[in-house]
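For reference, the structure discussed in these notes is given below.
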Amino acid sequence: MNGPGEPVTVHILDREFHVACTPDERPGLIAAARYLDEKMREMRNSARTAGLDRIAILAALNICHELLDARARESSDSRQLAEKLQAINLKLERLLPASLQ
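Numbering that gives the first Met the number 0 puts the sequence shown at residues 0 to 100.
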């Protein structure tokens, strides 16, 4: 594992932040900061009078909702795949002679 590299400067909602990370983490950190910036801008634009704390919390809630929804879909997809594979396995067991099983 690489040690911490130079701090990365990211911009979120017109503010600059310096975050320490390893060189391997740098692309993910930059992408996450961009995504957070986009979400916070969406929240600010939809609620013009909201303070920074409220914007951050609304953005975090939206991102968490997206994450949980994606995890649920992934779990459902994995479950469906497992069921299909099990059905295929049962069909193969019925079709193959006992000597090949």
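Each residue gets a CB set at the ideal place from its N, CA and C atoms; glycine is no exception. Values in this document were obtained by computation on a predicted structure and should not be read as measured data.
Problem - contact_flag[the region 31–47, the region 3–14] where n(CB pairs < 8 Å) is 3 or more - result: The region 31–47, when compared against the region 3–14, does touch it at the 8 Å Cβ threshold.
Problem - Distance, Leu-94 Cα to Asn-88 Cα - result: On the sequence shown, residue 88 is found 89 positions in, with the first residue counted as 1. On the sequence shown, residue 94 is found 95 positions in, with the first residue counted as 1. About 10 Å.
Handout entry: Element boundaries [alpha helix (DSSP H), containing Arg-70]
Key = As a working mapping, residue 70 is identified with position 71 in the sequence shown. Unbroken alpha helix (DSSP H) run through Arg-70: 51–94.
Exercise for the section: Answer with buried or exposed for Ile-54, where buried requires no fewer than 16 other C-beta atoms within 10 angstroms of its C-beta. Expected result: If you number the sequence shown from 1, residue 54 lands on position 55. Around the beta carbon of Ile-54, 16 or more other beta carbons lie within 10 angstroms, which makes this residue buried.
Practice task
Hey, could you find the ends of the alpha helix (DSSP H) Glu-37 is sitting in?
Solution key: Taking the first residue of the sequence shown as 1, we reach residue 37 at position 38. Glu-37 -> alpha helix (DSSP H) spans 25–45.
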